[in-house]
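Worksheet: one structure, shown below.
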Amino acid sequence: MKVHIYTYGCQMNENDTEIAKQLLLNGGFEVVDSEDEADIVILNTCAVRKKSEDKVYSHIGKLRKKGKKIGIMGCIADKEKENLFRRGVLFVIGTRAIAKIPEAVSNAKDGTKQIYLDDTLDEIDYHKVETRNSKHHAWITIIYGCDRFCTYCIVPYTRGREKSRPMESVLLEVGSLVEKGYKEFTFLGQNVDAYGKDLNDGTSLAKLLIEAAKIDGVKRLWFLTSYPTDFSLEIPQAMVENPKIARSIHLPVQHGSDRILRAMNRRYTRGEYIELINNIRNIVPDASISSDIIVGFPGETDEDFEATVELVKAIKFERLNLAIYSPREGTVAWKYFKDDVPYKTKVRRMSYLLNLQKMINRELNEAYRDKRVEVIVEAQAKNGLFYGRDIRNKIISFEGSHELIGKTVIVKVNKITAGPLYGTVEEVLG
Ligand code: SAM
Ligand code: SF4
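In our numbering, the protein residues as written are 739 to 1168.
Here's what the structure looks like:
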């Protein structure tokens, strides 16, 4: 039986797909790259915004027309459960039930509808997953779920409570990947700073980073996504002491107004967030800080929005993911707050912030002019140029060749834009 998995959404979904592919191969199934070749198509889905959910439903419609058998995994599986059968789906696999994928695919032969929502994560041999998208960089999910319950967010309802993987399991995975030539690792969690808290044995993200950096062959370590009140200053301290830990922190603020932050249940004030950034920058002055912001949250006035604008101007994030508020059924905001900001206003605010961020990026990128930076080469872009990142997560493009992928090179930056930087490779470090 030929199976294809199509991935929507976040890096955690990317990693779940990689694991699912390995489990399917272990079960004797063929995993194919194209949907048309497949007997069964599994969609690994995202439910964070209505738009992401709608995309999946229209994809299901197209697959039905092609006569494909359809399975659903990811956040929509946990959100919609049996409702998905009405859309012609054959099996539903919750975010924690991925170990059941081979069973579901095997049973799909006779057309029986199946649903798996139980936690089977402990059955997975993470260190044996070889079906990865990259040959030198690996996603490693270290904590599942989220306990924060921001009022707008569906994730705690779909991905469940926080559950950390034991540190030995993560280090075993890193070690076995290093043996296969992997050099860069990104530790993933919806709230990655909560890593270890549920284990009650002193495990923490900072400790994991320090231990993983001791493994020979590890070149760079990343982590995503941080939550302000769980973020520990031990992390920037570890960055100073350890050049393998990337100086990049993705620390979503979501809003600049205290009134809205409270309504979002973000558990910190604007002042506390700014203080945290100052503390990080006092330890690592060149730390690259990026963020997520939601515009048009219920009740957001011009004054509230202005508070976000002022915050963005004051902090000067290296990168900003902007999202228009999307009510998600079942969340507190959906139940109790009216989605009262007109769509036009939401779009206007979003494009205002987009332009502001562009100007900030242009200004921050000037610091790179004529600099020589150490870059790990990632891939070739559609425009033919190669690109990679420096330790601050800055993307730099240059002329190169396929042999450079995965190697560390010194690039001299010679062109600045608001987006990527351009340069010339001056040295190959290996
Ligand atoms: N855990 C991270 C955090 O604390 O921000 C990020 C995970 S969340 C799935 C990714 C981003 O989606 C959030 O940072 C938020 O900006 C956005 N998001 C979540 N729910 C949303 C909603 N209902 N409408 C618009 N954006 C939303
Ligand atoms: Fe969602 Fe908030 Fe958890 Fe992030 S911290 S996943 S935004 S509930």
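Don't be surprised by glycine CBs; every beta carbon is placed ideally from N, CA and C.
- Residue environment for M1097: exposed (fewer than 16 other C-beta atoms within 10 angstroms of its C-beta).
- The beta-carbon distance between E922 and R958, rounded to whole angstroms, is 5 Å. This is short enough to meet the 8 Å contact definition.
- The closest CA to that of V1113, considering only D954, I743, A984, I839, is found on A984.
- In chain order, the residues positioned with their C-beta nearer than 6 Å to some heavy atom of ligand 2 are C884, R886, F887, C888, C891, V893, P894, Q928, N929, Y965.
- A distance below 9 Å separates the beta carbons of V930 and L962.
- Nearest to N1003 by alpha-carbon distance, out of V770, I780, T889, is T889.
- Under the DSSP assignment, R897 falls outside any beta strand (DSSP E), being part of the alpha helix (DSSP H) whose first and last residues are 893 to 897.
- In this structure G812 does not touch Y895 by the C-beta definition: roughly 13 Å separates them, more than the 8 Å allowed.
- Within the same chain, Cβ atoms closer than 7 Å to the Cβ of L763 are found at V769, T869, the five residues on either side in sequence being excluded.
- Not one heavy atom of ligand 1 falls within 8 Å of the beta-carbon of V770.
- For Q928, no alpha helix (DSSP H) run applies, since DSSP gives it neither H nor E.
- Closest in C-alpha terms to L947, from the list L937, D936, N938, S970, comes S970.
- Taking 3 residues as the minimum length, the beta strand (DSSP E) runs contained wholly in the region 806 to 867 are 807 to 812, 829 to 831, 852 to 854, in order along the chain.
- Bounds of the alpha helix (DSSP H) holding G799 are 788 to 803.
- The distance from the Cβ of Y1106 to that of S1135 is about 12 Å, inconsistent with a contact at the 8 Å cut-off.
- Annotated as distal: L822 and I839, with beta-carbon spacing of 9 Å or more.
- Remark: C-beta atoms of E1038 and Y1063 approach each other more closely than 9 Å.
- Residue state for H875 is assigned as strand, using DSSP reduced to three classes.
- Per DSSP, the continuous beta strand (DSSP E) segment holding K1150 begins and ends at 1146 to 1153.
- According to DSSP, residue pairing for T783 in a beta bridge involves G812.
- Cβ-Cβ distances below 7 Å link K740 to E768, V770, E775, A776, D777 in the same chain, with the five nearest sequence neighbours on each side left out; the list follows chain order.
- Distance from the C-beta of D1030 to the nearest heavy atom of ligand 1 is below 8 Å.
- The continuous stretches of alpha helix (DSSP H) do not include K740, which lies in the beta strand (DSSP E) extending over residues 740 to 745.
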